[in-house]
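Residue numbers (this note's numbering): 13 to 99.
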Ligand SMILES: [Zn+2]
């Protein structure tokens, strides 16, 4: 059954194509632009490993952690004020 084998191959080719499309789409969603060599917040040098691990990185580890913490606090504050307005 030579035609049966050919059919299997075609299906596998379609799977490969859709995986490639998914990778291309995922890459397009990554932050664009080059990584900064120095933190835009405090000016400390960003390690090359971090620049390569985080494409388009703009902050050092310490400033990124601080910013993440601020975002979390703001989230709680907004929730808190919303609740108090409702009550
Ligand atoms: Zn910094």
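Ideal Cβ positions, reconstructed from N, Cα and C, are used throughout, including at glycine. Computed from a predicted structure; not experimentally measured.
Check: With a CB to CB cut of under 6 Å and the five nearest residues on each side skipped, what residues in its chain are close to residue 78?; Outcome: none
Check: I think residue 48 touches residue 69, with their Cβ atoms under 8 Å apart; what is that distance to the nearest whole Å?; Outcome: 7 Å
Check: Please classify residue 71: is it buried, with 16 or more other beta-carbons within 10 angstroms of its beta-carbon, or exposed?; Outcome: buried
Check: Under three-state DSSP, which class holds residue 57?; Outcome: strand
Check: In whole angstroms, what separates the C-alpha of residue 35 from that of residue 55?; Outcome: 34 Å
Check: Can you tell me the Cα-Cα spacing of residue 88 and residue 75, whole angstroms?; Outcome: 20 Å
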